[in-house]
Amino acid sequence: MKLSPSIKNFFLPSLNRSLLRRILITGLSCYLIFTYLLIPMRIQGRSMEPTYKDGSFAFCWRPKYLYAEVKRSDIVTVRLSGKNTMFLKRVIGLSGDTIEFKNGMLIRNGTEVQEPYVKYRNPWNLKPRTVEAGHVYVVGDNRGTSMSRHRFGHVNQNRIMGGVIP
Amino acid sequence: MCSDPCAVQFLSFSIDRDFDRKELTDHILMMKKTLPTTRFTFHDTSIAFPEENRAAITTTLRLTGKIANDRFTDAYEFDIGAEKIEGKWLFSSFTVVEFMEQ
């Protein structure tokens, strides 16, 4: 079978200056996008199950909160000392909200909150606390572990790196 | 590697005191024995020199391993202090940054 020159040129292009320029621009664009805008993440741990399973993949979409405020129920990435290790958590309280857990149920501003995304629940009990200005309250969707083993709480908003896709 | 004494602060485990070198080595060995399959890796490390012969290191310690056939993973942010004593750089303090409080 003989390939037409246009198909052959598409799959096996001749190495010239134009091709090298296209490869360089594509490579640089990918580097910038996947390093600063859409950071690929491999999820390790079960704190967000069943929404995100251990070993699955997602992206951190950094520009999400550039012009938008963090909302309740948003899933956010919380950085540690950099962007190579981040916690994936759900926002359950904004500044000024009072957060409490009673027998595993979330009580926000004195009202019980229905959380359809929570499938595993232990009878957590946490005294009410008010979220300070410039902070949010985050927790994982998997409440099936003991409260002492689950990393959650009050976090400064400047620690939020972005939203999550998908 | 560590100065004698070395300050350790890990408030969620109610640790906030100075450890002598032997005590610190014993704790590290005990942790290694208790968690033999645990892998410790450091990420996002940055070093600043606020004054001569002093360094401030910020890093993330990631732990992955198994406890009773159950896989676990965790991460902690550390602020580590280092000092140059008699020509040698030694770690003088370890602080776990508690950025998420229940």
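So the protein sequences, as listed, match chains Y and E. Counting in the working numbering, the first sequence runs from 90 upward without gaps. Counting in the working numbering, the second sequence runs from 33 upward without gaps. Glycine included, each C-beta is placed from N, C-alpha and C at the ideal position. These numbers come from a predicted model, not from an experiment.
### Task
Measure from the C-beta of Y:Gly171 to each C-beta in chain E and report whether the shortest distance is under 7 Å.
yes
### Task
Mind checking the stretch 229 to 253 of chain Y against chain E and listing, in chain order, the residues whose C-beta falls within less than 8 Å of any C-beta there?
Met236, Arg240, Phe241, Gly242, His243, Val244, Asn245, Arg248
#### Entry: For Y:Lys208, three-class secondary structure by DSSP
coil
#### Entry: N- and C-terminal bounds of the beta strand (DSSP E) containing Y:Met130
127 to 131
### Task
Using beta-carbon positions only, say whether Y:Arg248 and E:Phe131 come within less than 7 Å of one another.
yes
### Query
Would you report the Cα separation of Y:Arg168 and E:Gln134, rounded to the nearest angstrom?
17 Å
### Query
Whose C-alpha, out of E:Ile99, E:Asp76, E:Ser78, E:Cys38, is nearest the C-alpha of E:His59?
E:Cys38
### Task
Would you mind listing the beta strand (DSSP E) stretches within the stretch 86 to 115 of chain E that are 3+ residues and don't spill past its ends, in chain order?
86 to 99
### Query
Taking DSSP as the reference, what is the three-state secondary structure of Y:Met236?
helix
### Query
With respect to the beta strand (DSSP E) encompassing Y:Met175, which residues constitute its N-terminal and C-terminal limits?
175 to 182
#### Entry: Beta bridge counterpart(s) of Y:Val165 as assigned by DSSP
Y:Lys178, Y:Gly252
### Query
Would you say the stretch 86 to 104 of chain E touches the stretch 63 to 73 of chain E, given that touching needs at least three Cβ pairs under 8 Å?
yes
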